[in-house]
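A.B. asks: Attaching a single structure in structure tokens format; questions to follow.
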Amino acid sequence: MALPVAAAPPVRRGPLPWLLLRLGGVVFVLWAVATVTFFAIRLIPGDPAEAVLGGPGSQASAAALAQVRADYGLDLPLPLQYLHYLGRLAAGDLGRSYSLREPVGAVIGQNLGGTLLLALLSLLTAAVIALALAAWSTRGGRWASAVTWVLEVVSAALPHFWLAISLILLFSTTLGWLPPVSVPGPAGLVLPVLTLAIPLAGFLGQVMRESLLDALGSPFVLAARARGESEAGVFWRHALRHAAIPAIGLAGWAFGALISGAVVVETIFARPGIGRSLLSAVQLRDVPLVIGVVLVVALGYMLVTTLTDLADRLIDPRPAPTTAHRGRS
Amino acid sequence: MSRPAVIVAAAVLAFLVFAALFPGVIAPGDPLAIHPLDSFRAPSFAHPFGTDESGRDIFTRIIHGTGASLTIGLSATAIGVGLALILGLLSGLGPRWLDFGTTRFLEVLFAFPGLLLALLFIVIYGPGVVTSTIAVGLATAPGYARIIRSQVRVVRRAPYLEAALVLGRSPAHRLVRHLLPNVVGSLFVLVTLGIGQSIVWASSLSYLGLGAVPPAAEWGAMLSAGRTYLGSFWWMTFFPGLFIVLAAVGTTLLGRGIQQGTRLR
Amino acid sequence: MTLVSVRDLAVSFGGTTVVSGVDFDIEAGQCVALVGESGSGKSVTARALLGLTGGSVNAAELRFHDTDLRSASPSRLRRLRGREIGFVSQGALVALDPLRPVGREIEDSLRIHTRLGAAQRRARAIELLAEAGVPQAAERAAQRPDELSGGLRQRALIASAIALRPRLLIADEPTTALDTTVQAGILDLLESLRDAGTAILLISHDLAVVSRLASHLVVMSEGRVVESGPAERVLAEPRHPYTRRLIAAVPTDRPRFERLTDRPAAAPAADRPQASRDVVLSATGLRREFGSRVAVDGVGFALGRGKTLGIVGESGSGKTTVARLVLALERPDAGEVRLLGRPWSTLTEPQRRERRPGIGAIYQDALSSFDPRLTVGQILADALSGGRSRRASPEVVALMESVGLQASLASRRPRLLSGGQQQRVAIARAIAPRPHILVCDEPVSSLDVSVQAQVLDLLDDLQRSLGLSYLFITHDLGVVRHMSDDLLVMRHGRVLEAGPTESVFSRPRHDYTRALIDSAPRLG
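Protein chains in written order, with the UniProt record's numbering: chain F, 1 to 329; chain Z, 1 to 265; chain L, 1 to 524.
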């Protein structure tokens, strides 16, 4: 999570086998994630039935505990519990939240939209900032290049919470332009979006600038210039595509960074979303809700990386370099 | 890159390391001493960063917390890189089935993006300094592992390893004298970059109340304590946060600077 | 009339002057060549005509037709580029955008300078590709560069440069990195363009290539013009010592053992075995498949002590796979390699290991064959001690001197050395374990001609003083003829022809060999 890691370059295959392989991979990973979480949760010390009734301090009666065990299937042998769990998951049933006493699916459903909107707006803002920085650094000479480099590195290293606090101090407390908590409407979105977008823009900018510079220094760009292509033409027709490839490769990582950031940002700005739900579930040890959110995020991650691969295949149709050593001669 | 920025970053890091080793030299006071009459003082000459709800001097607490915060960052990075080294080497050097298995395992870990793996770990083992440090290490490991694996694969196919084979060097010699040093050498930058990020993530967990807890003089914990007073006493969160930023930005600038320097050479 | 006129041109980058005092003219329809080695400033000089040096340009005169290029506005320059001056940039294999179909690059020239609609542009691009000698132009136009061979890519690039019928075509190393027969085709194409009235400014390090097309040569060295004049005169009676050295360094048509540099030949050492009929390396019926592709099929040969066996072929001929089979880096699917009369390819790797010092290798890319963390001294100490030590020793100094390297370079890392020095380090490392045989895979292909001459002379010296046998693999007929006693001509993984080098060259039995020899460019 700390460092952006691009998705491994997929081996190129035909469209249909690729899709099947990809879908198989998604199903496998989801199954593995569900299994890992199921058994990991068993490592939690204490009686899950007690947790349902409010933890060890609740002093629940033996009858109540037995009732809960029967209700949640906790009295069955572990393999059977596991199969039941998988069966329920396959049917889309994520169980009931201990703390909210509501179906997990409903809780996630209420909160997902806000987080997605936040993440999407942040991604767009970050892309625009990153592109502007990269373009300026490649065209603005040595000084611009040095300044953008420092800007990108610094903003990529900024912790979300500190950025949020500083933005609140500046724009709400001091200037009074924007609300310190996320009120409904566009004004309430500005600070959360900026908080998430700035570090992401730093990462994307670094990656895009490097590939932009590579592309701009390459012989095919010289050839384009020698053909009479204008600077704008060189940028839009040639360099940008090359810069987009590694940035798109970072999409899966960016998704993770945005979700993690959402945990912090939604908490600070008191904004409903799955990030905040996840945090309170972790604090209250609301296991079904944690598992539910984790599974939904894993699904989202798989979706994003699959779309990334698809986009990559469209932009860069070259076959991936073969890894096996071949006779060169 | 920018040379002045890298020099400034190195100076800041040198200061932080000094503060971690000899906090008493910079801030002679007691970080835990309570002065109820002096609570919530704004930054002034006597208290450059102000005081907290118990009247403790925030500057003193930050300086004395440097050691703990840097240790958490370093330990988390060590855990992450250590795990990743095992996974990456197994995958990069092992037989095909092992590589296949490790890669699938990493893919599953990647499906817990960002803080998710750390949060899951904390749900199981409960909050605290140790668990949050391990959690951050665990969460960073898959990313490092993938980089190490691809680095191993690159070096493994490098012409200089073939040249060593042609000279009659044994597999052990090629592994120990050529492959490993080149893989590990390239990790240096990765680790530098990772320390800053680990500090940020660990302090994020502390801020969310899942890591170190007050009254410990740890940056994240101080932040967490100040959260309640954010609207009225901004200095309680701003300055500990500033030091986290300094540490993170410093290591990142230094790492990127080294990276660019080695690329240019 | 004079199309281009350059007087006292100087180009500098951030205070460092890389080109100065350059004068030349190009008449309409004439081919002028800028000749020089890497770093001579020839490419920068050519780019100055397009305003694309990236540095600061000064000149007493820099004129194209009726435009003063010194004061031309950026938009005026953009109108010149592509329309009046076509440019075929260096690196035939990378000068087309890898993400776009090649047809689009040609359409771009038309889009920028004409008012043609999209459909007309597409049709015209296909015509241009066909004109540049690309077969099935319509299909090719829709393909990306990686789907085309090197020769076709270069033709597509030329097609994009001549789309607007420019008066001047600048071609920067247009045949470098192409196979000999492909190279000949590209030169034919440029020749037909010249005959049709396009002036050409040809930039090349290869005197032989240049001498075929250019009527006028401008020889550059270290950013200056050292000599210029009619091509025939410069090649026949070079006046400047540099030009003389450059011409002397060309190995084409130079008998075996004739020196290419003025350094005297080494005397054969008395204590080393001399050239003889003993076979040190033999191969019989070698076959190697990669999947369904047969890379090497039925290759056999015998290499005598102190002799050189040349293997020549174009890319894809299987010559490098033969080298890898000989070095036991690949296992043959059939056939056997024997070393010093004993089994070699049939051994297991641990059995082979103790015999590995008997056979060494040098490669085209010397730099990537060195561990990047080691200094020259450490690399050589490691090779001398069999991997036991990396500490400096008097032997390392002696070894460095024997390949013409100054001992002071021992503390440097190879990437800071020149290409020639890197190859010398590689040679020193290869001879350190006192091998009987060196496998040389394109050892001089990426070197400048004068450096190539030094390395070839060094290899010649070492052969005599150490009694080495060489398996010498190259695509360059001039080099292979100069270096080898016997020759193998390979194509599609098979040996087409084999025999003593001179008899293969003077009486080629196979049509392909004849075509190969005919297409190799010659001086004069």
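Glycine residues also receive a C-beta, built at the ideal position from the N, C-alpha and C atoms.
1. Within 8 Å (strictly less), CB to CB, does L/A370 reach chain Z?
2. Using 8 Å as the threshold, is the region 257 to 269 of chain L in touch with the region 451 to 459 of chain L, meaning 3 or more CB pairs across them?
3. Just to confirm before moving on: does the CB-CB distance between L/T474 and L/D485 stay below 8 Å?
4. Skipping 5 residues on each side, what residues in its chain have a beta carbon closer than 8 Å to that of F/T322?
5. Beta-carbon separation of L/I112 and F/R227 under 8 Å?
6. Go through the region 159 to 242 of chain Z residue by residue and report every complete run of the alpha helix (DSSP H) that reaches 4 residues or more, in order.
7. Alpha carbon to alpha carbon, how far is L/V337 from L/G310?
8. May I have the straight-line CA-CA distance separating L/V22 from L/V6, to the nearest angstrom?
9. So what does DSSP say about L/Y363, is it helix, strand or coil?
10. Expressed to the nearest angstrom, what Euclidean distance is found between the alpha-carbon atoms of Z/G67 and Z/P23?
11. Is there at least one Cβ from chain F nearer than 8 Å to Z/I79's Cβ?
12. By the 7 Å beta-carbon criterion, what residues does the region 250 to 262 of chain Z contribute toward chain F?
13. What is the DSSP secondary structure of L/E216, counted as helix, strand or coil?
14. Does the structure place the region 189 to 201 of chain F close enough to the region 231 to 246 of chain F that three or more beta carbon pairs sit under 8 Å?
15. Is DSSP giving F/F28 helix, strand or coil here?
16. In its own chain, which residues sit with a C-beta less than 6 Å from the C-beta of L/G197, not counting the 5 before and 5 after it?
17. Is the CB of Z/P171 under 8 Å away from at least one CB in chain F?
18. What does the Cβ neighbour count give for Z/V155, buried or exposed, with the cut at 16 atoms within 10 Å?
19. Hey, how far is the Cα of L/R287 from the Cα of L/G335?
20. Quick one: grab the DSSP three-state call for L/V250.
21. In terms of residue numbering, what span does the alpha helix (DSSP H) encompassing L/S12 cover?
22. DSSP three-state label for Z/F59, please.
23. Short of 7 Å Cβ to Cβ, which residues in the region 86 to 105 of chain L face chain F?
24. Which of the three DSSP states is assigned to L/F24 in this structure?
25. Assuming contact is defined by CB atoms lying nearer than 8 Å, are L/S211 and L/Y242 in contact in what I supplied?
26. Write down the C-beta distance between L/K319 and L/M490 rounded to the nearest angstrom, noting that I regard them as a contact closer than 8 Å.
27. Can you give me the Cβ contacts of F/L167 inside the same chain, cut-off strictly under 8 Å, excluding the 5 residues immediately before and after it?
28. Could you check if F/E152 is buried or exposed, using at least 16 other CB atoms within 10 Å of its CB as the buried criterion?
29. Hey, F/A247 and F/L299: beta-carbon distance below 8 Å or not?
30. Closest to L/A430 by CA distance: which of L/S418, L/L384, L/L416 is it?
31. Name the chain L residues whose beta carbon is nearer than 7 Å to that of F/S230?
32. For a contact meaning CB atoms closer than 8 Å, what does F/H160 contact in chain Z?
33. Hey, out of F/W149, F/L124, F/L123, whose CA is closest to F/A135's CA?
34. Taking a Cβ distance cut-off of 9 Å, strictly less, list which residues of the region 154 to 174 of chain L are near chain F, in chain order.
35. Please state whether the Cβ-Cβ distance between L/V4 and L/L49 is less than 8 Å.
36. With DSSP collapsed to three states, give me the class of Z/A78.
C.D. replies: Answer, in terms of the structure:
1. If you number the third sequence from 1, residue 370 of chain L lands on position 370. As written in the sequence, residue 370 of chain L is Phe, which differs from the Ala given in the question. Closer than 8 Å to some Cβ of chain Z, the Cβ of L/F370 qualifies, so yes.
2. yes
3. Locating residue 474 of chain L in the third sequence gives position 474, counting from the first residue. Locating residue 485 of chain L in the third sequence gives position 485, counting from the first residue. No. Outside cutoff.
4. In the first sequence, the residue the question calls residue 322 of chain F occupies position 322. Bear in mind that the predicted position of F/T322 carries a pLDDT of just 41, short of 50, making it too unreliable to give a figure here.
5. Here residue 112 of chain L refers to the residue found at position 112 when the third sequence is read from its first residue. Here residue 227 of chain F refers to the residue found at position 227 when the first sequence is read from its first residue. Their beta carbons are under 8 Å apart, which means L/I112 touches F/R227 by this criterion.
6. 159 to 166, 180 to 207, 219 to 226
7. Reading the third sequence from its first residue, position 337 is the one you call residue 337 of chain L. Reading the third sequence from its first residue, position 310 is the one you call residue 310 of chain L. In this structure, the CA atom of L/V337 is about 17 Å from the CA atom of L/G310.
8. Residue 22 of chain L sits at position 22 when you count from the first residue of the third sequence. Residue 6 of chain L sits at position 6 when you count from the first residue of the third sequence. Near 7 Å, if we compare the C-alpha coordinates of L/V6 and L/V22.
9. As a position in the third sequence, residue 363 of chain L is number 363, starting the count at 1. Three-state DSSP puts L/Y363 in coil, outside helix and strand.
10. Here residue 67 of chain Z refers to the residue found at position 67 of the second sequence. Here residue 23 of chain Z refers to the residue found at position 23 of the second sequence. Using only the alpha carbons, I get a separation of about 8 Å.
11. Here residue 79 of chain Z refers to the residue found at position 79 of the second sequence. False, the Cβ-Cβ gap to chain F never drops below 8 Å.
12. Residues of the region 250 to 262 of chain Z whose Cβ lies closer than 7 Å to any Cβ of chain F, in chain order: T252, L253, R256.
13. Within the third sequence, the letter at position 216 stands for residue 216 of chain L. Note that residue 216 of chain L is His in the sequence shown, not Glu. Correct three-state label for L/H216: strand.
14. No, the region 231 to 246 of chain F does not touch the region 189 to 201 of chain F.
15. Translated into positions along the first sequence, residue 28 of chain F becomes position 28. Helix at F/F28.
16. Locating residue 197 of chain L in the third sequence gives position 197, counting from the first residue. Excluding residues within five positions, the ones whose Cβ falls inside 6 Å are G29.
17. The sequence position of residue 171 of chain Z within the second sequence is 171, counting from 1. No, its Cβ sits nowhere closer than 8 Å to a Cβ of chain F.
18. By 1-based counting over the second sequence, the position of residue 155 of chain Z is 155. Per the 10 Å Cβ criterion, buried.
19. Here residue 287 of chain L corresponds to residue number 287 of the third sequence, with the count starting at 1. Here residue 335 of chain L corresponds to residue number 335 of the third sequence, with the count starting at 1. So the two alpha carbons sit approximately 6 Å from each other.
20. Against the third sequence, residue 250 of chain L aligns to sequence position 250. In the structure shown, L/V250 sits in coil (DSSP, three-state: anything other than H, G, I, E or B).
21. In the third sequence, counting from the first residue as 1, residue 12 of chain L sits at position 12. Looking at the DSSP string, L/S12 is not in any alpha helix (DSSP H); the run it does join, the beta strand (DSSP E), is 2 to 13.
22. Indexing the second sequence from 1 puts residue 59 of chain Z at position 59. DSSP places Z/F59 in helix when its eight states are reduced to three.
23. F87, S89, Q90, G91, V94, A95, L96, D97, P98, L99
24. Residue 24 of chain L sits at position 24 when you count from the first residue of the third sequence. The answer is strand: DSSP assigns L/F24 an E or B state.
25. Counting from one through the third sequence, the residue named residue 211 of chain L turns up at place 211. Counting from one through the third sequence, the residue named residue 242 of chain L turns up at place 242. Their beta carbons are not under 8 Å apart, which means L/S211 does not touch L/Y242 by this criterion.
26. Taking the first residue of the third sequence as position 1, residue 319 of chain L is located at position 319. Taking the first residue of the third sequence as position 1, residue 490 of chain L is located at position 490. Indeed they touch by this definition, with Cβ atoms about 5 Å apart.
27. Residue numbering aside, residue 167 of chain F sits at position 167 when the first sequence is read from its first letter. Contacts found: L191, L194, T195.
28. By one-based count along the first sequence, residue 152 of chain F stands at place 152. So F/E152 counts as buried.
29. The sequence position of residue 247 of chain F within the first sequence is 247, counting from 1. The sequence position of residue 299 of chain F within the first sequence is 299, counting from 1. No, they are not a contact pair.
30. Locating residue 430 of chain L in the third sequence gives position 430, where the first residue counts as 1. Out of L/S418, L/L384, L/L416, L/L384 has the C-alpha closest to the C-alpha of L/A430.
31. For the purposes of this step, residue 230 of chain F is taken as the residue at position 230 of the first sequence. By Cβ distance, chain L contributes R78.
32. Position 160 of the first sequence, counted from the first residue, corresponds to residue 160 of chain F. Going along chain Z in sequence order, the residues near F/H160 (Cβ under 8 Å) are S204.
33. Taking the first sequence and counting its residues from 1, the one referred to as residue 135 of chain F is at position 135. The shortest Cα separation from F/A135 among F/W149, F/L124, F/L123 belongs to F/W149.
34. L157, S160, A161, A163, L164, I170
35. Here residue 4 of chain L is taken as the residue at index 4 of the third sequence, counted from 1. Here residue 49 of chain L is taken as the residue at index 49 of the third sequence, counted from 1. Contact: yes.
36. Walking along the second sequence from the start, residue 78 of chain Z turns up at place 78. Helix, per DSSP.
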